[in-house]
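Written below as structure tokens is the structure these notes are about.
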Amino acid sequence: MSVPASSARPWARLRGLPWDSLIGALVIIGVGVVIGRQYLLPDKRMLAVMFAALVFGIAWRVDIIWGLGLLVLSIPYPRGTVFGNSNVAIILLLLVIWLLRVSQRQAALPQRTPLDVPLVGLLIAYIVSFYNVQNAHDLNFAFQNLQLVVAGIFFYYLIVNTVRSERNLRRFHMFQVASLVTICLLAIYEVGHPGATVIPGWIHFPGEVSSEGVTVHGTRVGGPFFDYELLSEFCAISLLLVAFLLVRARSATRRVLLSSIFLLNTFVLFATVTRGSIVSLAVAMGYLIWALRRRIRLIPFTGIAASVVGLFLLMNYFVATYTQSGDLIGRLLATEVKGIVPEGRSRAWADGWERFLQHPIIGHGPFYSSQTGVRTWFWPHNGYLYIANLVGSVGLAFYLWIIGKLWLVSRPLVDGLNDPSYAKSFLTIAHAQLILFIIDQSKIDFLRNEIYQFEVWILFASIVAAHQVARNERAARVPAAP
1 MSVPASSARP
11 WARLRGLPWD
21 SLIGALVIIG
31 VGVVIGRQYL
41 LPDKRMLAVM
51 FAALVFGIAW
61 RVDIIWGLGL
71 LVLSIPYPRG
81 TVFGNSNVAI
91 ILLLLVIWLL
101 RVSQRQAALP
111 QRTPLDVPLV
121 GLLIAYIVSF
131 YNVQNAHDLN
141 FAFQNLQLVV
151 AGIFFYYLIV
161 NTVRSERNLR
171 RFHMFQVASL
181 VTICLLAIYE
191 VGHPGATVIP
201 GWIHFPGEVS
211 SEGVTVHGTR
221 VGGPFFDYEL
231 LSEFCAISLL
241 LVAFLLVRAR
251 SATRRVLLSS
261 IFLLNTFVLF
271 ATVTRGSIVS
281 LAVAMGYLIW
291 ALRRRIRLIP
301 FTGIAASVVG
311 LFLLMNYFVA
321 TYTQSGDLIG
331 RLLATEVKGI
341 VPEGRSRAWA
351 DGWERFLQHP
361 IIGHGPFYSS
371 QTGVRTWFWP
381 HNGYLYIANL
391 VGSVGLAFYL
401 WIIGKLWLVS
411 RPLVDGLNDP
421 SYAKSFLTIA
431 HAQLILFIID
441 QSKIDFLRNE
451 IYQFEVWILF
461 ASIVAAHQVA
471 RNERAARVPA
481 AP
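Under this note's numbering, the letters of the sequence shown match residues 1 to 482, in that order.
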């Protein structure tokens with residue numbers, strides 16, 4: 001039996017309405033209301049859920065490189081959850097999306113990387129080291145630290161398998177710079193507001209910054225890492241990336257923007273009042289001068305070198321005089337050394353070495369306990385000693401293997417920063433970043449910080465990604481055999 005035209009007409013009218021537009025408008029209004037409420041009354045859980053939903057939507061509907069970029073932006077601001085760090089959750093979410101795309105042939109199949117074997121070895125060393133975990137308290141933290149390391153390795157593979165073209169490498173670097181800007185702005189806020197709470201229960205600056213075995217004068221900003229030494233290392237490594245992008249910038253707008261970011265980065269570097277990263281940066285810059293020596297012209301180089309030295313002196317004077325931070329150059333000149341060991345590290349390194357010798361083969365397990373019975377141990381303040389304490393000489397050997405492979409794959413392929421190949425030019429800077437990291441880790445340990453360690457995996461992945469992009473470019477230029 002046919003439906004009368006009069007009764008069908010209202011449904012026909014409803015079907016003719018632009019439902020997609022109406023639903024889209026309602027979603028936009030709803031999101032706007034939620035964002036407005038969060039702006040006035042921020043809730044840490046709601047903000048984390050909103051960001052995770054944004055990452056998922058963009059990665060699934062647009063492009064996984066954008067989801068990866070948003071993850072890079074969120075890495076410094078994790079939230080604790082019932083299943084671990086929110087960074088771990090978002091990394092696993094992106095990993096699932098990437099695997100789904102691969103299974104549907106929407107993304108390229110995974111590729112091998114130069115770090116595969118030592119990464120597997122390091123992971124096995126972590127698992128074996130659980131044999132020496134002493135109690136339930138340490139076991140709980142050991143599992144948490146293992147979870148972070150596994151998530152970091154997943155993050156590394158996500159980056160390497162997503163950043164497979166020069167275009168994606170450029171975009172990834174832009175996300176790194178955007179993340180740097182947010183970190184520096186937060187650190188600048190901390191300079192004027194030590195002890196302030198930015199978001200209750202989420203981002204809170206310590207009112208008094210101190211470190212074992214180190215005498216501190218003035219405010220030393222730690223930014224979202226809550227650690228001034230690691231923030232200083234991050235700023236020094238990032239300064240090289242910003243300088244690289246500035247050298248390659250072609251438009252006046254881009255040069256002005258990157259110059260402003262360079263100054264912002266330099267200010268925060270000095271506001272940390274940390275000597276080690278400045279020394280490491282000086283060595284890395286010395287290497288860059290040597291690597292680029294064939295392209296250097298004396299007169300322009302002299303002018304640039306004088307400008308850089310002048311900028312550093314001026315920035316130190318400004319930070320020491322007009323902010324609550326201290327005098328970095330003054331601290332550097334006041335450094336005391338016992339033999340070849342800085343005075344501030346002699347006790348920490350001695351404790352780290354003594355503790356390592358208790359379990360020199362497989363280590364104490366993935367948690368560094370500063371209290372054993374009545375004995376209090378100083379933090380090693382040395383990335384290599386720290387890893388040796390956790391996973392023993394076996395795990396340290398695998399870690400050094402990783403560093404060695406990164407050294408080999410980051411060796412410069414060109415003698416300039418303006419080569420037509422973006423990836424080849426970046427490898428020169430990447431090698432300098434690696435040198436800086438290797439030296440600076442002799443006085444600080446990145447794995448002790450559950451936030452900053454992901455930035456190190458970003459560094460490792462960006463080096464390998466650039467190497468593989470450059471390798472693929474070379475392979476594409478080789479003519480096929482007849």
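Beta carbons are placed, not taken as given, at the ideal position from N, Cα and C, and that holds for glycine.
Excluding five sequence neighbours on each side, which residues of the same chain lie with their C-beta closer than 7 Å to the C-beta of residue 329?
By 1-based counting over the sequence shown, the position of residue 329 is 329. 316.
Could you tell me the distance, in whole angstroms, from the CA atom of residue 77 to the CA atom of residue 186?
For this step, residue 77 is matched to residue 77 along the sequence shown. For this step, residue 186 is matched to residue 186 along the sequence shown. Whole-angstrom Cα-Cα distance: 11 Å.
To the nearest angstrom, how far is it from the Cα of residue 338 to the Cα of residue 229?
Looking up residue 338 in the sequence shown gives position 338. Looking up residue 229 in the sequence shown gives position 229. Roughly 21 Å between the two C-alpha positions.
Would you mind stating whether residue 233 and residue 444 have Cβ atoms separated by less than 8 Å?
Here the question's residue 233 lines up with position 233 in the sequence shown. Here the question's residue 444 lines up with position 444 in the sequence shown. Contact flag set, yes.
What residues in its chain sit with their C-beta under 7 Å from that of residue 419, if we drop five residues either side in the sequence?
What you label residue 419 is simply residue 419 of the sequence shown in a count that begins at 1. Cβ within range, chain order: 425.
Indicate whether residue 172 and residue 369 have their beta-carbon atoms separated by less than 8 Å.
For the purposes of this step, residue 172 is identified with residue 172 of the sequence shown, where counting begins at 1. For the purposes of this step, residue 369 is identified with residue 369 of the sequence shown, where counting begins at 1. Against a cut-off of 8 Å, the Cβ pair of residue 369 and residue 172 comes out as no contact.
Report yes if the CB atom of residue 392 is closer than 8 Å to the CB atom of residue 361, and no otherwise.
Stepping through the sequence shown from its first residue, residue 392 is reached at position 392. Stepping through the sequence shown from its first residue, residue 361 is reached at position 361. Yes, the pair counts as a contact, with Cβ atoms nearer than the cut-off.
Residue range of the beta strand (DSSP E) that residue 198 falls in?
Locating residue 198 in the sequence shown gives position 198, where the first residue counts as 1. 197-199 is the extent of the beta strand (DSSP E) around residue 198.
What whole-angstrom Cβ distance do residue 147 and residue 88 have, given they're in contact under 8 Å?
Position 147 of the sequence shown holds residue 147. Position 88 of the sequence shown holds residue 88. Contact flag correct, Cβ pair sits at about 6 Å.
Quick one: give me the first and last residue of the alpha helix (DSSP H) that residue 107 is part of.
Here the question's residue 107 lines up with position 107 in the sequence shown. Unbroken run through residue 107: none, as it is neither H nor E.
Given this structure, state the Cα-to-Cα distance separating residue 451 from residue 118, to the nearest angstrom.
Position 451 of the sequence shown, counted from the first residue, corresponds to residue 451. Position 118 of the sequence shown, counted from the first residue, corresponds to residue 118. Straight-line Cα distance between these residues: approximately 23 Å.
Give a yes or no on whether the C-beta atoms belonging to residue 258 and residue 249 are separated by under 8 Å.
Counting from one through the sequence shown, the residue named residue 258 turns up at place 258. Counting from one through the sequence shown, the residue named residue 249 turns up at place 249. A contact, by the Cβ cut-off of 8 Å.
Please look up how many angstroms separate the CB atoms of residue 381 and residue 355, rounded, as I've assumed it's under 8 Å.
Within the sequence shown, numbered from 1, the residue matching residue 381 stands at position 381. Within the sequence shown, numbered from 1, the residue matching residue 355 stands at position 355. Contact doesn't hold; Cβ gap of about 13 Å is too wide.
Please report the straight-line C-alpha distance between residue 166 and residue 290, rounded to a whole angstrom.
Taking the sequence shown and counting its residues from 1, the one referred to as residue 166 is at position 166. Taking the sequence shown and counting its residues from 1, the one referred to as residue 290 is at position 290. Approximately 26 Å between the Cα atoms of the pair.
Given this structure, state the Cα-to-Cα distance separating residue 400 from residue 366, to the nearest angstrom.
In the sequence shown, the residue the question calls residue 400 occupies position 400. In the sequence shown, the residue the question calls residue 366 occupies position 366. Taking the straight line joining both Cα atoms gives about 17 Å.
How about residue 415 and residue 294: are their beta carbons less than 8 Å apart?
Reading the sequence shown from its first residue, position 415 is the one you call residue 415. Reading the sequence shown from its first residue, position 294 is the one you call residue 294. Yes.
List the DSSP bridge partners of residue 204.
Looking up residue 204 in the sequence shown gives position 204. Answer is 197, bridged to residue 204.
Look at the alpha carbon of residue 100 and the alpha carbon of residue 435, and state the distance between them as a whole number of angstroms.
Counting from 1 along the sequence shown, the entry for residue 100 is found at position 100. Counting from 1 along the sequence shown, the entry for residue 435 is found at position 435. Answer to the nearest angstrom: the Cα atoms are 37 Å apart.
Which stretch, first to last residue, makes up the alpha helix (DSSP H) that contains residue 118?
Translated into the one-based positions of the sequence shown, residue 118 becomes position 118. Looking at the DSSP string, the run of the alpha helix (DSSP H) that includes residue 118 is 116-129.
DSSP three-state call for residue 133: helix, strand or coil?
On the sequence shown, position 133 is the one that residue 133 refers to. Note: residue 133 maps to coil in three-state DSSP.
Here's a check: name, in chain order, each residue in its chain whose Cβ is nearer than 6 Å to the Cβ of residue 217, leaving out the five neighbours to either side.
Taking the first residue of the sequence shown as position 1, residue 217 is located at position 217. Low confidence applies here, because residue 217 scores a pLDDT of 47, under 50, leaving its location unreliable; read the following figure in that light. Excluding sequence neighbours, residue 217 sits near 326.
Between which residues of its own chain and residue 40 is the CB-CB distance below 6 Å, once the five residues before and five after are set aside?
Numbered from its first residue, the sequence shown carries residue 40 at position 40. The predicted model places residue 40 with a pLDDT of 48, which falls under 50 and marks its position as unreliable; any figure quoted below should be read in that light. Excluding residues within five positions, none has a Cβ falling inside 6 Å.
Going by other Cβ atoms of all chains shown within 10 Å of its Cβ, with 16 needed for buried, is residue 79 buried or exposed?
Taking the sequence shown and counting its residues from 1, the one referred to as residue 79 is at position 79. Flag for residue 79 reads buried.
Please report the distance separating the alpha-carbon of residue 466 from that of residue 156.
In the sequence shown, counting from the first residue as 1, residue 466 sits at position 466. In the sequence shown, counting from the first residue as 1, residue 156 sits at position 156. Distance between the alpha carbons of residue 466 and residue 156 is about 13 Å.
Please go through the same chain and pick out, in chain order, the residues whose beta-carbon is closer than 6 Å to the beta-carbon of residue 168, but skip the five residues on each side of it.
Here residue 168 refers to the residue found at position 168 of the sequence shown. Closer than 6 Å at Cβ, skipping near neighbours: 65.
Hey, residue 261 and residue 311: beta-carbon distance below 8 Å or not?
In the sequence shown, residue 261 corresponds to position 261, counting from 1. In the sequence shown, residue 311 corresponds to position 311, counting from 1. It is not a contact, given that the beta carbons lie outside the stated cut-off.
Enumerate, from N- to C-terminal direction, the unbroken alpha helix (DSSP H) stretches of 4 or more residues contained entirely within the stretch 320-405.
For the stretch 320-405, whole alpha helix (DSSP H) runs of length 4 or above, ordered along the chain, are 328-333 and 343-356.
Here's a check: name, in chain order, each residue in its chain whose Cβ is nearer than 7 Å to the Cβ of residue 341, leaving out the five neighbours to either side.
For this step, residue 341 is matched to residue 341 along the sequence shown. Cβ within range, chain order: 349.
Specify the secondary structure class of residue 145 as computed by DSSP and reduced to three states.
As a working note, residue 145 is residue 145 in the sequence shown. In this structure, residue 145 counts as helix in the three-state DSSP scheme.
I need the boundaries of the alpha helix (DSSP H) containing residue 419, first residue and last residue.
Residue numbering aside, residue 419 sits at position 419 when the sequence shown is read from its first letter. Run containing residue 419: none; DSSP gives neither H nor E here.
Taking the alpha-carbon positions, what's the residue 137 to residue 154 distance?
By 1-based counting over the sequence shown, the position of residue 137 is 137. By 1-based counting over the sequence shown, the position of residue 154 is 154. Distance between the alpha carbons of residue 137 and residue 154 is about 26 Å.
Per DSSP, what kind of secondary structure is residue 217 in: helix, strand or coil?
Within the sequence shown, numbered from 1, the residue matching residue 217 stands at position 217. Since pLDDT at residue 217 reaches only 47, below the 50 mark, its modelled position is unreliable, and no value is offered.
Under a three-way DSSP split, which group does residue 486 fall into?
Because residue 486 is not part of the residues shown, which for the chain are 1 to 482, the question remains open.
Just to confirm, are residue 194 and residue 226 a CB contact at a threshold of 8 Å?
For the purposes of this step, residue 194 is taken as residue 194 along the sequence shown, with counting starting at 1. For the purposes of this step, residue 226 is taken as residue 226 along the sequence shown, with counting starting at 1. Not closer than 8 Å, so no.
In terms of residues, what are the limits of the alpha helix (DSSP H) holding residue 248?
In the sequence shown, counting from the first residue as 1, residue 248 sits at position 248. Residues 228-248.
Does the separation of the CB atoms of residue 159 and residue 68 fall below 8 Å?
Translated into positions along the sequence shown, residue 159 becomes position 159. Translated into positions along the sequence shown, residue 68 becomes position 68. Going by C-beta atoms, residue 159 is nearer than 8 Å to residue 68.
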